[in-house]
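A.B. asks: This is the structure I have questions about; it appears just below.
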Amino acid sequence: MTTDQDSPNDLDFSSLSLEKKSYVHTSYEFAKPDNLEKVLSESPIVFLPVGCVEYHGPHLPLGVDMLIAEAFCHRTAHVTGGLVLPPFWLASGVLPLPHGIVIDLELLRQNIRSILTQLAKGGFKTIVLFSGHGALDHLYVLREETDRINQNFEEVRAFTTVWNELNFDLDGDIHDHGAKVETSYMMEFFPDLVDLMALEDDPEASHTGVYGPNPRFTASREWGFAMADNAKNRLAEEVRALQRGAKADSWRLLKGLVERLQSGDLEIVGGTRTHNKDGEERIILHFYNPHPQSKYITGIKKIQIDHEEIDLSSGFLKNASMGEGHTDTEIKKLGPLSGFYVRREQEMLLELSNLSLRSGSHSIHAEFDIAGVVSVQAEGNFVIE
Ligand SMILES: [Zn+2]
Numbered sequence: 002m003t004t005d006q007d008s009p010n011d012l013d014f015s016s017l018s019l020e021k022k023s024y025v026h027t028s029y030e031f032a033k034p035d036n037l038e039k040v041l042s043e044s045p046i047v048f049l050p051v052g053c054v055e056y057h058g059p060h061l062p063l064g065v066d067m068l069i070a071e072a073f074c075h076r077t078a079h080v081t082g083g084l085v086l087p088p089f090w091l092a093s094g095v096l097p098l099p100h101g102i103v104i105d106l107e108l109l110r111q112n113i114r115s116i117l118t119q120l121a122k123g124g125f126k127t128i129v130l131f132s133g134h135g136a137l138d139h140l141y142v143l144r145e146e147t148d149r150i151n152q153n154f155e156e157v158r159a160f161t162t163v164w165n166e167l168n169f170d171l172d173g174d175i176h177d178h179g180a181k182v183e184t185s186y187m188m189e190f191f192p193d194l195v196d197l198m199a200l201e202d203d204p205e206a207s208h209t210g211v212y213g214p215n216p217r218f219t220a221s222r223e224w225g226f227a228m229a230d231n232a233k234n235r236l237a238e239e240v241r242a243l244q245r246g247a248k249a250d251s252w253r254l255l256k257g258l259v260e261r262l263q264s265g266d267l268e269i270v271g272g273t274r275t276h277n278k279d280g281e282e283r284i285i286l287h288f289y290n291p292h293p294q295s296k297y298i299t300g301i302k303k304i305q306i307d308h309e310e311i312d313l314s315s316g317f318l319k320n321a322s323m324g325e326g327h328t329d330t331e332i333k334k335l336g337p338l339s340g341f342y343v344r345r346e347q348e349m350l351l352e353l354s355n356l357s358l359r360s361g362s363h364s365i366h367a368e369f370d371i372a373g374v375v376s377v378q379a380e381g382n383f384v385i386e
């Protein structure tokens with residue numbers, strides 16, 4: 002085949018075809034009915050890779066999450082047996098960056114529920130929902146739906162996981178967006194699709210959609226292989242345990258990951274007094290996330306100011322600047338499906354309209370739920386002018 006000069010993707014796809022060649026033996030869509038019957042009688046395992054199309058910087062294709070998920074499932078299926086479905090690429094929690102496509106959580110839920118139910122009815126005993134897309138609200142829905150299958154089908158073990166969770170005990174960087182981690186994965190699976198030269202020749206440069214140090218100077222195929230291989234071995238272990246009848250638990254690995262990435266307290270860094278159009282007084286508390294990863298706040302357990310618990314019912318959380326994650330979230334609406342990201346090394350503003358504080362110094366004690374699985378605090382003093 003010759004290359005069309007006008008092709009929008011003027012890349013050499015030889016690595017893509019090399020990796021995809023290995024899909025032949027494990028693809029659900031290539032299986033004929035007798036292949037499928039054989040799989041169902043010998044190793045009734047099925048993988049559903051889930052990804053999305055989302056901007057990942059100038060050096061990576063939009064389909065990073067689905068490309069990684071699909072390739073990773075096939076590599077794992079080569080170890081465990083079973084078949085891999087075509088990737089499901091419609092996702093929630095897609096970052097508000099150019100060219101991404103997002104669907105709402107309910108639509109995601111209905112689609113995933115329908116697919117999983119048919120797989121369970123179709124005779125698969127182990128169902129692995131593997132996401133290359135790490136948004137926690139999206140993953141929460143996937144986990145709820147695999148839990149539902151476990152409740153409804155006694156014989157079936159359904160399990161949801163994501164690549165960074167499977168590496169929660171691997172030393173080194175295991176989670177980012179478009180930076181060292183995702184670029185390294187792509188260099189391992191599809192090196193021809195990575196264009197490091199599209200990134201600036203400066204280690205300090207930042208790029209839209211790249212959340213981490215410039216991958217031109219940090220990513221490597223070696224690191225991509227190390228992560229992919231460790232994750233594959235762990236997933237194969239999980240699958241074998243499920244085949245032996247172990248109870249499926251899609252929350253255990255999440256907890257390990259959130260403890261590793263998102264624990265560590267927030268800091269109280271200030272308080273300001275403002276007035277709205279009607280002259281009503283508002284207090285804005287400034288919290289700072291000093292850690293290199295965003296924290297996904299899914300609830301506020303309590304806030305005490307000068308040892309008195311305060312009413313949060315009219316409160317809002319806001320990010321001080323535009324960017325990743327949701328903004329302007331009502332505290333009473335927080336939950337695992339509607340959390341708030343406090344961005345790494347940035348401030349979160351907590352706005353309260355039914356609180357008045359005298360000028361001077363105040364003490365605060367706050368407790369936040371993170372991703373529904375761990376909690377962090379903020380403790381100290383702040384001054385209101
Ligand atoms: Zn990604």
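Residue 386 is where the sequence shown ends in the working numbering, and the numbering goes up by one at each step. For each residue, glycine too, the CB sits at the ideal point set by N, CA and C. It should be emphasised that the depicted structure is a prediction, and the values quoted were computed from it without experimental measurement.
What is the rounded straight-line gap between the Cα of G124 and the Cα of W164?
C.D. replies: Their backbone Cα atoms lie some 26 angstroms apart in a straight line.
A.B. asks: Taking I284 as the reference, give the member of L236, F383, V47 and M187 with the closest Cα.
C.D. replies: Taking only the C-alpha atoms, the option nearest I284 is F383.
A.B. asks: Specify which residues have a beta carbon nearer than 7 angstroms to any heavy atom of ligand 3, listing them in chain order.
C.D. replies: Ligand 3 is absent from the structure shown, which contains only ligand 1.
A.B. asks: Contact defined as beta carbons within less than 8 angstroms: I believe V377 pairs with I371. What is the distance between those atoms, to the nearest angstrom?
C.D. replies: That belief holds up - the Cβ atoms of V377 and I371 are roughly 6 angstroms apart, short of 8 angstroms.
A.B. asks: Just confirm the distance between the C-beta atoms of T127 and Q244, as a whole number of angstroms; I'd bet it's less than 8 angstroms.
C.D. replies: That belief holds up - the Cβ atoms of T127 and Q244 are roughly 6 angstroms apart, short of 8 angstroms.
A.B. asks: Among E145, L91, A199 and C53, which has the Cα closest to the Cα of L61?
C.D. replies: Checking every option, the nearest Cα to that of L61 belongs to A199.
A.B. asks: Counting only the same chain and skipping the five closest in sequence on each side, list residues whose C-beta sits under 8 angstroms from that of R222.
C.D. replies: The residues are S185, M188, E189 and P192.
A.B. asks: When we look at the beta-carbon of T209 and count the other beta-carbons within 10 Å, is it buried (16 or more) or exposed?
C.D. replies: Exposed, by the Cβ-count rule.
A.B. asks: K333 to I311, Cα distance in whole Å?
C.D. replies: Each residue's alpha carbon lies about 13 angstroms from the other.
A.B. asks: Looking at the secondary structure, which residues open and close the alpha helix (DSSP H) in which R345 lies?
C.D. replies: Segment: none, R345 is in no alpha helix (DSSP H) and carries neither H nor E.
A.B. asks: Within 10 angstroms of its Cβ, does E156 collect 16 or more other Cβ (buried), or is it exposed?
C.D. replies: So E156 counts as exposed.
A.B. asks: Using 10 angstroms around the beta-carbon of L286, count the other beta-carbons present and answer buried if the total reaches 16, otherwise exposed.
C.D. replies: Burial call: buried.
A.B. asks: Do you know how far the Cα of K122 is from the Cα of H327?
C.D. replies: Model confidence at H327 stands at a pLDDT of 49, short of 50, so the residue's coordinates are unreliable; what they give is reported in the following sentence. Their backbone Cα atoms lie some 37 angstroms apart in a straight line.
A.B. asks: Would you kindly report the start and end of the unbroken alpha helix (DSSP H) that includes R217?
C.D. replies: Element bounds for R217: n/a, residue is neither H nor E.
A.B. asks: In the structure shown, what three-state DSSP assignment does H327 receive?
C.D. replies: Low confidence applies here, because H327 scores a pLDDT of 49, under 50, leaving its location unreliable and the question unanswered by this model.
A.B. asks: Take L52 as the anchor and find which of Y29, W90, P59 and L267 has the nearest alpha-carbon.
C.D. replies: The residue you asked about is not Leu; residue 52 is Gly in the sequence shown. For G52, the nearest C-alpha among the options comes from W90.
A.B. asks: What does Y297 pair with, by DSSP beta-bridge criteria?
C.D. replies: Per DSSP, Y342.
A.B. asks: Below 8 angstroms, how does it come out for the segment 274-282 and the segment 334-344: are there three or more Cβ pairs, yes or no?
C.D. replies: Verdict: no, contact absent.
A.B. asks: What first and last residue would you give for the beta strand (DSSP E) that runs through R245?
C.D. replies: Run containing R245: none; DSSP gives neither H nor E here.
A.B. asks: Are three or more beta carbon pairs between the segment 221-238 and the segment 132-148 nearer than 8 angstroms?
C.D. replies: They do not touch, by the three-pair rule.
A.B. asks: Across the segment 288-301 and the segment 342-353, are there enough close Cβ pairs to call them in contact, namely three or more that are closer than 8 angstroms?
C.D. replies: Yes, they touch.
A.B. asks: Is the separation between the beta-carbon of K181 and that of D174 shorter than 8 angstroms?
C.D. replies: Contact: yes.
A.B. asks: Can you tell me whether S15 is helix, strand or coil according to DSSP?
C.D. replies: Of the three classes helix, strand and coil, the one that applies to S15 here is helix, per DSSP.
A.B. asks: Unbroken alpha helix (DSSP H) runs of length 4 or more, entirely within the segment 121-173: which are they?
C.D. replies: Those alpha helix (DSSP H) runs which fall completely within the segment 121-173 and span 4+ residues are 137-153 and 164-167.
A.B. asks: Using the three-state DSSP reduction, which class does E55 fall into: helix, strand or coil?
C.D. replies: It is coil, neither helix nor strand.
A.B. asks: Comparing alpha-carbon positions, which option in E71, T275, F369 and S251 lies nearest I301?
C.D. replies: Residue F369 is the option with its Cα nearest to I301.
A.B. asks: What do you reckon, are the CB atoms on H26 and G94 nearer than 8 angstroms?
C.D. replies: Taking 8 angstroms as the Cβ cut-off, H26 and G94 do not qualify as a contacting pair.
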